[in-house]
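Read the structure below first, then the notes.
Number of protein chains: 2
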Amino acid sequence: MYLPPIDESHDGDRQSWIESANGHPDFPVQNLPLGRFLLGGDLKARAGVALGDSVIDLGSLLATGLLEGDAQAAAQRICHDAGNALIALSAGHRQALRRALSDLFSIGTSRSDTARKSASVFLHDMQDCRLLLPCEIGDFTDFNAGIHHAANGGRRRGQPDPLLPNYRHLPIAYHARASSVVPSGTPVRRPWGQYLSDESGVPVFQPTRKLDFELEIGIWIGRANELGSPVVIDEAPDYIAGYCIVNDWSARDIQSWESSRLGPFLGKSFCTTISPWVISPEALAPFRGSAFKRRPEDPVPLSYLHHPLDVLEGMPQLQLEVWLTAPPLEEPRLISRSSTGHLFWTPAQMVTHQASNGCNLSPGDLFGTGTVTGPDQGSFGTFLDAISPQRPSLLVDCVPRTFLEDGDSLTLKARATRDGYASIGFGDCSGRIEPAIDRYQGAPIQ
Amino acid sequence: MYLPPIDESHDGDRQSWIESANGHPDFPVQNLPLGRFLLGGDLKARAGVALGDSVIDLGSLLATGLLEGDAQAAAQRICHDAGNALIALSAGHRQALRRALSDLFSIGTSRSDTARKSASVFLHDMQDCRLLLPCEIGDFTDFNAGIHHAANGGRRRGQPDPLLPNYRHLPIAYHARASSVVPSGTPVRRPWGQYLSDESGVPVFQPTRKLDFELEIGIWIGRANELGSPVVIDEAPDYIAGYCIVNDWSARDIQSWESSRLGPFLGKSFCTTISPWVISPEALAPFRGSAFKRRPEDPVPLSYLHHPLDVLEGMPQLQLEVWLTAPPLEEPRLISRSSTGHLFWTPAQMVTHQASNGCNLSPGDLFGTGTVTGPDQGSFGTFLDAISPQRPSLLVDCVPRTFLEDGDSLTLKARATRDGYASIGFGDCSGRIEPAIDRYQGAPIQ
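Residue numbers (our numbering), protein chains in the order written: chain A, 71 to 516; chain B, 71 to 516.
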């Protein structure tokens, strides 16, 4: 199991000559995530790198000749190849590009002065860029690795053991809808759907009354395996191109009525918002940590899901936050804090399990970890985990709140911190709730 | 709700000058389905039309100048556009192309003699062609519309009412895996997976012992709706580009252990085989029939799922067959007959429901209807429906059989017949079971 090394690009003392990058909560020069964007009236997506409040235009940087060798080859592939080249870069190319960018954009490195001179050619204000999905998403799998979220669900259903018998033996997951995954900032329209009326107990077709969010981490798959050829856990990290934040918006009334016996469907497929930047395994190298500490009575994972290095270093250690802006409040309120420490399965275990039957992964596949809720009241990853019959709402600035209302905006954040290293973040994963379309009921949409 | 009319292209007396087409069980001149294929050492897929034992090479036909107007425009789009143009043709273009092909390839029509003279330019033996998927599959949804299959599942689980309360109110479905959908003829490798050992009752990681098939009809989506904009049932037929057969191979032991509570996952995602030709709504026009006859006590569908014409003509009437070739028997044996009359929901209801929450469909999305099992012992659509504690195997030529064994080949067929019209078929949906890969258990794959 090869994991990216820590090198000079992770040096916490490195500062960038792009001043907004220094101390930036998400994008210091130690991060350098890839993404795609539109500028002005562009019709064609450009590839870019986030640095402070700027986006480095990779195509324009390439044209300056400042990139060489494998870094140049990587940028050429991203900018000139069709398809999902950005996400399908080999680990070697990805590392070479990241190190070259670190060299070009840090102060006091061999080539930073040269780069600085032509900055106007390839730098854009991020606020002028429309950030897109980083690639075409092939298949989208949503796991249920957040153990407290899974247990809360079992408690709500009155299960004798909150966790079902299979939960600690394998990473439970379901296929999710790829077409409705959108980048941060896309408005979220309240969906119509069929569910049991609270009043009459019979099915109705109406806008959801229980619109919820789910705080998840996303895992980008960057490499393909052939159909019929599983991925062994030793090689699983090679299949991960990077990470993002996922908000798997959920309509709980629709989900509850439709889910027996085949699982979630339309309660989830109306919209899923992700943060637009691909945070690479290289950028996260200093922030690897141990897998979930199992209790002595928990089952030992079967051998195909076990690797000693994965136990020691398999989990990216991320602090997560949920911010709500709810009219008439104008300022966002931090309503929850959680962390990836509550994920029972590591990304490598998820990759290995998904491909264990020979299912073929493709560059551009997306995994969601499942809702990352912590054990405490202030660490919920969805309203469902925050409320209960005993506590049917939570207070946000003295206002009792349950599910999402029209006009609410929600922003999810993820950040990695470690003493001696510059913190890096994922960028926002945001959406604002728009009212349901008017007068649907099967009538032609006006 | 506009449905394709019956016109001269459906005339049962039309014969083709391609003699193998006349009386052909699948591809008489009244069918003319589109598909994609490779010829010889081709690297690039060609578009083709099935006619008898031949494939019409659409690009070569276009080059002869024999196609004009909308038919020419349709063929140009298919042959020259990138992406899923074949499946994304407008209904008007699809109809124009079909009528032009009927005119060119039938005996006694105005232009058949001209076409016949240049036949060598655009005709290939189908057996020389490697048939491919007709398009890139975006998202794949699997419904559970076969009511007897759903009820059999409930009986196996000992439910008081075999059908769950939601079943008759909405088309139950789940998101399925698109990457592992393969064209007919692709070998099916027995998957490894985690399941409870029959002997010890504890989880093991081994090749499945309960490899099964599922007989389903596939629905190709040919049109996009915008995210947030539902598809009303009046317009749902416009979204259907055609039909195929789906064999949703299933590993029952894996499925059973993994499915609570999020539904099927790896028990289904190792391989799904489809028939390669897109049978158009136009070719199926004479074979439309009424939706499932609900009992008086059944709920009336909510208005968004109801259209009078869909009740009268919403269901393509197809006879389905399952053929098993099991060594040492050399000849295929017909082991089951079923029909689409056992589907509780129509294709238009499935389209409408899938998009009812605003989920965006895309050309190249695939729906499976769910297993089409009939009420009788000889009409099973999966081994699971054929066997029970009381009858743990079925006899095939005096040999007791349950789940699929290595070396078995299974072929699913679908055919539409009606007095006064030429019958049309879907072509084979076949796969042969190959042994599991040797020595996996998490070890590097050799």
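From the three backbone atoms N, C-alpha and C, an ideal C-beta is built for every residue, glycine too.
Minimum Cβ-Cβ distance from residue i to chain A less than 9 Å
| i | result |
| --- | --- |
| residue 313/B | no |
| residue 439/B | no |
| residue 239/B | yes |
| residue 328/B | yes |
| residue 374/B | yes |
| residue 419/B | no |
| residue 177/B | no |
| residue 398/B | no |
| residue 512/B | yes |
| residue 247/B | yes |
| residue 310/B | no |
| residue 435/B | yes |
| residue 507/B | yes |
CB of residue i within 9 Å of CB of residue j, strictly
| i | j | result |
| --- | --- | --- |
| residue 414/B | residue 241/B | yes |
| residue 431/A | residue 293/A | yes |
| residue 344/B | residue 258/B | no |
| residue 243/A | residue 512/A | no |
| residue 364/A | residue 181/A | no |
| residue 289/B | residue 438/B | yes |
| residue 474/A | residue 392/A | no |
| residue 73/B | residue 307/B | yes |
| residue 197/B | residue 123/B | yes |
| residue 157/A | residue 199/A | no |
| residue 108/B | residue 174/B | no |
| residue 268/B | residue 322/B | no |
| residue 286/B | residue 168/B | no |
| residue 291/B | residue 496/B | no |
| residue 451/A | residue 390/A | yes |
| residue 95/B | residue 485/B | yes |
| residue 250/A | residue 339/A | yes |
| residue 424/B | residue 336/A | yes |
| residue 188/A | residue 134/A | yes |
| residue 85/B | residue 172/B | no |
Per DSSP, cross-strand counterpart(s) of residue i
| i | result |
| --- | --- |
| residue 87/B | Bridge partners of residue 87/B: none, in fact. |
| residue 80/B | Residue 80/B pairs with nothing; no bridge assigned. |
| residue 109/A | 199/A |
| residue 314/A | 288/A |
| residue 147/B | Per DSSP, none; premise fails for residue 147/B. |
Interface flag, residue i vs chain B, CB-CB below 9 Å
| i | result |
| --- | --- |
| residue 424/A | yes |
| residue 431/A | yes |
| residue 264/A | yes |
| residue 490/A | no |
| residue 244/A | yes |
| residue 85/A | no |
| residue 428/A | yes |
| residue 503/A | no |
| residue 208/A | yes |
| residue 517/A | Residue coverage of chain A in this structure runs from 71 to 516, which leaves residue 517/A outside it and unanswerable. |
| residue 273/A | yes |
| residue 259/A | yes |
| residue 386/A | no |
Contacting positions in the segment 439-467 of chain A - beta carbon closer than 7 Å to chain B: Cβ contacts with chain B come from no residue of the segment 439-467 of chain A.
Pull out every residue of the segment 140-155 of chain A whose Cβ sits closer than 7 Å to any Cβ of chain B, in chain order. For the segment 140-155 of chain A, which is checked against every Cβ of chain B, not one residue is closer than 7 Å.
Along the segment 280-304 of chain B, where does the CB come closer than 8 Å to a CB of chain A? Name the residues. If you check each beta-carbon in the segment 280-304 of chain B against every beta-carbon of chain A, the ones closer than 8 Å belong to 297, 298, 299, 300, 302, 303 and 304.
What ranges does the beta strand (DSSP E) occupy inside the segment 375-443 of chain B, keeping only unbroken runs of at least 3 residues that lie completely in it? List check, beta strand (DSSP E) in window: 389-395, 403-409 and 436-438.
Near-chain A residues of the segment 214-237 of chain B - C-beta to any C-beta below 7 Å: So the close ones are 214, 234 and 236.
What beta strand (DSSP E) runs, 3 residues minimum, are completely inside the segment 463-494 of chain A? Listed in chain order, they are 464-466, 469-471 and 479-486.
Proximal residues, the segment 317-351 of chain B versus chain A, C-beta separation under 9 Å: 321, 324, 327, 328, 329, 330, 331, 332, 333, 334, 335, 336, 337, 338, 339, 340 and 341: these are the residues of the segment 317-351 of chain B whose beta carbon lies less than 9 Å from some beta carbon of chain A, given in chain order.
Return the chain-ordered ranges of every beta strand (DSSP E) run that is complete within the segment 241-285 of chain B and spans a minimum of 3 residues. Runs found: 243-246, 251-253, 262-266 and 273-277.
Completely contained beta strand (DSSP E) runs for the segment 182-251 of chain A, where each covers 3 or more residues: Counting only runs of 3 or more residues that sit fully inside the segment 182-251 of chain A, the beta strand (DSSP E) segments are 193-195, 199-201, 210-213 and 243-246, in chain order.
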